[in-house]
Amino acid sequence: MWPDSVDTVNNRLGYTTSAAAYLPASEATGTTIMITSGTAGVYAGEPNASSHRRLATLANGDSYVVSGLAAGEVLSVQSGNPFDYEWTTAQPPTPTPTFTPMPTFTLTSTFTPTQAPVNCTGPEDCGPVADAAPSITWSCTDSPCPWGATDYGHAIVWPTALEATNNRLGYTASGTVYLPASVAMNLVITISSGSATVYAGEPDASSHHSLRTLNAGDTYVVSGLTAAEVLSVQSSHRFDYEWALSQPPTPTPTLTPTATFTPGQTPANCTGPEDCEPVSDTAPSVTWTCTGSPCPWGGTDHGHAIVWPAALEPTSNRLGYTASSAVYLPVSVAADTIIIVTSGSASVYAGEPNASSHRRLATLASGDSYAVSGLADGEVLSVQSSHRFDYEW
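Its first residue numbered -19, the sequence shown is counted upward by one per residue in the numbering used here.
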């Protein structure tokens, strides 16, 4: 319900609402609406139009700045369920009486530096990022603009140092959401809350294909892009994410797996499965380097993983890669192992060493534990994450 101090409307299509639910375009343009609990849709249209178009759907924590209304239209924020909200009015309008979207398009000013890591100077020097996907507006500034004057959503905004762009099909996005394939290949993307879809395609293709839909805890390593394609990670609602660029491959053609396997990863008294003390440690950084074939993830891949004691006969090879530490535990030892994540988060995977993918048994957040079961003969187990985590087992 809008306050009586503004020129509101409570009539539409012969109905009179019990409160002033419709805000004229002259008052609504520039208003910022935030949903603090529940969900609601933002609608606009002429008072007696048979239907009003939906400008945005807002979930808890989402905000929307009203734009693109025509003279004579009204705005409403509605839901079939209770919701809490906040809103702030726009600054006094400029003397220009006509809304002209293209010359006044200044939405890119909302792309704050927090979206780009401070130390990111290019693909070879860009630290991992953990952030929340901001609200993005695509505004028609050219042609063909097949989605109307504006479109809305949430997306990862990439640092400009990575040569990300914000143009597609005549639209200009309010953030640099399109990452070129030259940088995106082997990128590791993790969704830490909410869900999002990874898309790829040429900038002016009529549609982009979906590479993967990720839920909270899911990780995806980008592969299979063609040289002219761009990558984006989008959702209709807010989500939190982490990403890390793959480092360039080292010039050394072969890798000594145990070179980075530090003594701290092996309990002093571990002589075998029947005599191995519990371990509490931090998962080190692990590099998978292509030393054979088929190497489907490119020259190298990176992450963090539990490194198992050598006395348990773990391995470091999979799909042509040699890991820098022994991260794959055989089923004969892994069954009934209890894994606890004490900080961060990690996923437990299992599968045959040369299977094209390993199934996820569990995703563990800080404080979660998992007792390994259901492994088949010949399978191996690993506990991995795109970021550092602490664990016990």
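C-beta atoms are modelled at their ideal positions from N, C-alpha and C, and glycine is treated no differently. Every value quoted in this text rests on a predicted model; they were computed, and no experiment measured them.
Extent of the continuous alpha helix (DSSP H) run through residue i
i, result
"Val311", "Val311 to Ala314"
"Glu7", "Ala5 to Ala8"
"Ala113", "Ala113 -> no alpha helix (DSSP H), and no H or E assigned at all."
"Ala326", "Premise fails: Ala326 lies in the beta strand (DSSP E), Ser325 to Gly331, not in any alpha helix (DSSP H)."
"Ala50", "Per DSSP, Ala50 belongs to no alpha helix (DSSP H) and is neither H nor E."
"Ala161", "Ala161 to Ala164"
Neighbourhood of residue i by C-beta, 8 angstroms cutoff - its chain only, sequence neighbours within 5 removed
i, result
"Asp357", "Val311"
"Gly(-19)", "Position check: residue -19 holds Met in this sequence, whereas Gly was assumed. Counting only Cβ-Cβ distances below 8 angstroms, and skipping sequence neighbours, we find Ala(-1), Ala0 and Ala1."
"Leu186", "Before going on, a small fix: residue 186 reads as Ser here, not Leu. These residues qualify, in order along the chain: Pro126 and Leu149."
"Asn334", "Arg298 and Leu299"
"Ser434", "Outside the shown range of the chain (-19 to 373) lies residue 434, about which nothing can therefore be said."
"Ser203", "Met165, Asn166, Pro276, Trp277 and Gly278"
"Pro251", "Checking the sequence shown, residue 251 turns out to be Thr, not Pro. Only Ala291 meet the Cβ criterion."
"Arg34", "Gly21, Val22 and Tyr23"
Burial state of residue i, where buried means 16 or more other Cβ atoms lie within 10 Å
i, result
"Met82", "Its pLDDT being 40, under 50, Met82 is placed unreliably by the model, and the measurement read from it follows with that caveat. Answer is exposed; the Cβ neighbour count stays below 16."
"Thr11", "buried"
"Trp127", "exposed"
"Leu(-7)", "exposed"
"Asp316", "exposed"
"Glu380", "Since the displayed the chain opens at -19 and closes at 373, residue 380 lies outside it and no answer follows."
"Asp122", "exposed"
"Ala330", "buried"
"Glu66", "exposed"
"Ala314", "buried"
Same chain, Cβ closer than 6 angstroms to residue i, five either side skipped, listed in chain order
i, result
"Gly48", "Ala129 and Thr130"
"Cys100", "Cys106, Pro139 and Ala141"
"Pro108", "Ala224"
"Ala112", "Asp220"
"Gln245", "Its pLDDT being 46, under 50, Gln245 is placed unreliably by the model, and the measurement read from it follows with that caveat. The answer, listed in chain order, is Val287."
Contacting residues, own chain, Cβ-Cβ under 7 angstroms from residue i (five flanking each side not counted)
i, result
"Glu209", "Ala161, Ala180, Gly181 and Glu182"
"Asp322", "In the sequence as presented, Asp is not what sits at residue 322; that position holds Thr. Taken in chain order, the residues that qualify are Ser346, Asp370, Tyr371 and Glu372."
"Asn61", "Gly18"
"Arg218", "Ala39, Gly41, Asp42, Ala112, Ala113, His134 and Gly174"
"Ala51", "Ala5"
Length of the line joining the Cα atoms of residue i and residue j
i, j, result
"Asn(-10)", "Pro(-17)", "12 angstroms"
"Ala135", "Trp118", "11 angstroms"
"Ile320", "Ile286", "11 angstroms"
"Trp277", "Val201", "7 angstroms"
"Asp64", "Asp42", "12 angstroms"
"Gly102", "Ala164", "12 angstroms"
"Thr69", "Val22", "15 angstroms"
"Tyr151", "Cys120", "4 angstroms"
"Thr(-3)", "Ser172", "41 angstroms"
"Tyr132", "Ala36", "7 angstroms"
"Glu332", "His338", "7 angstroms"
"Thr271", "Pro258", "33 angstroms"
"Ser273", "Thr280", "12 angstroms"
"Ala263", "Arg368", "6 angstroms"
"Ser365", "Val266", "10 angstroms"
"Tyr374", "Asp348", "Examination of residue 374 is not possible in this model, given that the chain is present from -19 through 373 alone."
"Ile13", "Thr206", "40 angstroms"
"Ser305", "Leu55", "59 angstroms"
"Ile318", "Ser353", "10 angstroms"
"Asp198", "Thr170", "6 angstroms"
"Asn398", "Pro124", "There is simply no residue 398 to check, as the chain begins at -19 and stops at 373 in what is shown."
"Glu104", "Val213", "21 angstroms"
"Ala351", "Glu293", "20 angstroms"
"Glu254", "Asn195", "38 angstroms"
"Pro27", "Ile116", "27 angstroms"
"Pro4", "Tyr44", "17 angstroms"
"His284", "Ser216", "30 angstroms"
Residue i - containing beta strand (DSSP E), residue span
i, result
"Val210", "Val210 to Ser215"
"Ser362", "Val360 to Ser365"
"Val22", "Ala20 to Gly25"
"Ala374", "Since the first and last residues shown for the chain are -19 and 373, residue 374 lies out of range."
"Glu104", "It is not in any beta strand (DSSP E) - Glu104 carries neither H nor E in the DSSP assignment."
"Met14", "Thr12 to Ser17"
"Tyr371", "Asp370 to Glu372"
"Ala135", "Thr130 to Ala135"
"Ile169", "Val168 to Ser173"
"Val201", "Thr199 to Val201"
"Val266", "Ser265 to Cys270"
"Thr152", "Tyr151 to Ala153"
"Trp277", "Unbroken run through Trp277: none, as it is neither H nor E."
"Ser349", "Ser349 to Ala351"
Inter-residue CB distance, residue i and residue j (contact presumed, cutoff 8 angstroms)
i, j, result
"Thr16", "Val46", "Between Val46 and Thr16 the Cβ distance is about 18 angstroms, and since that is not below 8 angstroms, they are no contact."
"Ala0", "Val57", "Actually they do not touch by this definition, with Cβ atoms about 12 angstroms apart."
"Ala303", "Ser296", "4 angstroms"
"Ala176", "Leu159", "14 angstroms between Cβ atoms; not a contact."
"Leu344", "Val328", "7 angstroms"
"Tyr308", "Ser362", "5 angstroms"
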